[in-house]
Amino acid sequence: MNYLLPSLRLWLVTILVCVIGYAGLMLAFAQSVAPFQANGSIIEVDGRAVGSELIAQDFASPRYFWPRPSAAGYDGMGAAGSNLSPTSKDLAARAAETIARYGATPENPIPADLVAASGGGLDPHISLAGAVYQIDRVAQARGLDPDRVRELVQQQAAAPGAIFAPEPVVNVLQLNLALDRLEE
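Residue numbers (numbering that gives the first Met the number 0): 0 to 183.
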C-alpha cells in the first residue's frame, strides 16, 4: 500500500507528459510550421473540401485521369497492399481487367504503375508516362485538343519526391481539378 500512491502519481505524471504534453507540443509545432500538411493536405474548391493531396480517389469517368489501382478500394481506413503473390490467379485476372479497361495493345503497352496497385493502395500520384498514356482518352471524352491536355499534364508534372521514384510524377486529383478549371 505504501507504493500505491507514488505509483499512481508517477503514472499520472507520465500520462500528462508523454500523452498530453508531447502530443500537444507536436500539434502546436506542426500547426506553426506546416499548417496545410498538419491538417491533412485538404484541397478545397469554392470553400468545399474535395479531397486530400495525399490520398488517391477513384475516378471512373473517362473524362478524368485514373489513378493507380487500389487493393483497398481507395478506403483510407483499410489502406493496404493486395498481398497477392506474382503467381496468383486473382492478381493476373485483376491485371488483365485493368489492361482491358485501358484498351492497351502490344503496340501501345500500358505503363506498369497503371496496372499494379501501390504498397498502401492509396498512392495519389501516377508516373508522367501513366498520365501521358491517358491523354487521348481524356481529351476525346472532354472534346479537347490532345495537345492542350498534354500541355496541362506537363504543367502538373512534379519532380519525384523520393529516391525510389526515378521519373516525374503527377498528382491525379490536382490534374483532374486543373482539367475542370480548363473547361470553366
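Backbone N, C-alpha and C define an ideal beta-carbon position, used for all residues, glycine too.
- Message: I need the DSSP call for Ser40, collapsed to helix, strand or coil.
- Response: coil
- In three-state terms, what does DSSP make of Ser6? helix
- Query: Is the stretch 113–124 close to the stretch 140–151, with three or more CB pairs under 8 Å?
  - Reply: no
- Message: For a test of the three-state rule: what should DSSP assign to Val114, helix, strand or coil?
- Response: coil
- Task: Please classify Pro110: is it buried, with 16 or more other beta-carbons within 10 angstroms of its beta-carbon, or exposed?
- Result: buried
- Could you check if Asp45 is buried or exposed, using at least 16 other CB atoms within 10 Å of its CB as the buried criterion? exposed
- Contiguous beta strand (DSSP E) assignments of at least 3 residues, all confined to the stretch 64–129: 124–126
- Query: What's the C-alpha gap between Arg93 and Ala115?
  - Reply: 9 Å
- Please classify Gly129: is it buried, with 16 or more other beta-carbons within 10 angstroms of its beta-carbon, or exposed? buried
- Count the other CB atoms, across all protein chains shown, that sit within 10 Å of the CB of Gly50; report buried if there are 16 or more and exposed otherwise. buried
- Item | Sequence-distant residues of the same chain with beta carbon closer than 7 Å to Glu182, five excluded per side | Arg141
- Message: Given a cut-off of 8 Å on the beta-carbon distance, is the pair Pro167 and Ala158 in contact?
- Response: yes
- When we look at the beta-carbon of Arg67 and count the other beta-carbons within 10 Å, is it buried (16 or more) or exposed? buried
- Message: Let me confirm a value: Ser84 is counted as buried when at least 16 other C-beta atoms fall within 10 Å, else exposed. Which label applies?
- Response: exposed
- Message: Between Ser69, Asp179 and Gly102, which has its C-alpha nearest Asp135's C-alpha?
- Response: Gly102
- Query: How big is the Cα-Cα spacing for Val32 and Ala138?
  - Reply: 40 Å
- Query: With distances taken between CB atoms, is the gap from Gln56 to Leu172 smaller than 8 Å?
  - Reply: yes
- Message: Using 8 Å as the threshold, is the C-beta distance between Gln154 and Asn170 below it?
- Response: no
- Look at the alpha carbon of Asp89 and the alpha carbon of Asp74, and state the distance between them as a whole number of angstroms. 20 Å
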